[in-house]
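Comments concern the structure below.
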Amino acid sequence: MTEIHTPRLLLRSWHDDDLAPMADINADPRVMRWIDDGSVRDLNHTAEAIERWEEEWDEEGFGLFAVELLASGELIGFAGLSVPEFLPEVMPAVAIGWRLGSQFWGQGYASEAAHATLEFALQDRGLDRVISINRVGDNASENVIRKLGMVPERETAHPVYGYPLRVHAIDLTEFRA
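Numbering (UniProt numbering), first residue to last: 1 to 177.
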């Protein structure tokens, strides 16, 4: 799997010792507020999720990177690419996403990791289009999405939970790496 270095971050494969810090992130109600039904996740759910993320790397040739602070080696969350199968109306598609611990919000880490992920999508994986799906009202994610140059493409509803979603897209042939 590819490793990506940015000025402050390392996007890398998952290690065994990432489970506890990622589980802590998933257990934070502030982090999970905008995800699925908003419920927190426990250690077992996080372990299953990491296993699925690693399988996606094997199946698709891309997936979610563990994101580590270069300065400290601390895991701060994930960023990467996935296939948004939960939303059939946008398929076929590849979506960019991220989830960081709340103590790392507001410092530009999500934008830095997401920008590096778009470069990876274009330069390493040859994708010509990437989408992002966010829950309407999640202004922090919407800000990151706009910084990436993504534009709103459609509004829809989550097929299970019913809340409004906004789908953004970017043509990577126009992306400025």
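Note that CB positions come from ideal geometry on N, CA and C, so glycine has one too.
Delimiting residues of the alpha helix (DSSP H) encompassing residue i
| i | result |
| --- | --- |
| T117 | Y109 to E119 |
| L43 | L43 to E60 |
Per-residue DSSP class, three states only, for residue i
| i | result |
| --- | --- |
| I131 | strand |
| A84 | The question names Ala, yet the displayed sequence has Pro at residue 84. Coil at P84, not helix or strand. |
| I170 | strand |
| I25 | helix |
| E89 | helix |
| L64 | strand |
Exposure of residue i, with buried meaning 16 or more beta-carbon neighbours within 10 Å
| i | result |
| --- | --- |
| R99 | buried |
| E85 | exposed |
| E51 | exposed |
CB contact flag (residue i, residue j, <8 Å)
| i | j | result |
| --- | --- | --- |
| V83 | I131 | no |
| V151 | A110 | no |
| V136 | R154 | no |
Where the beta strand (DSSP E) containing residue i begins and where it ends
| i | result |
| --- | --- |
| residue 179 | This structure cannot speak to residue 179, because the chain is shown only from 1 to 177. |
Sequence-distant residues of its chain with Cβ nearer than 7 Å to residue i (five each side left out)
| i | result |
| --- | --- |
| D138 | W34 |
Beta-carbon contacts of residue i that lie in its chain and below 8 Å, excluding the five residues immediately before and after
| i | result |
| --- | --- |
| L19 | L43, T46, A47 and I50 |
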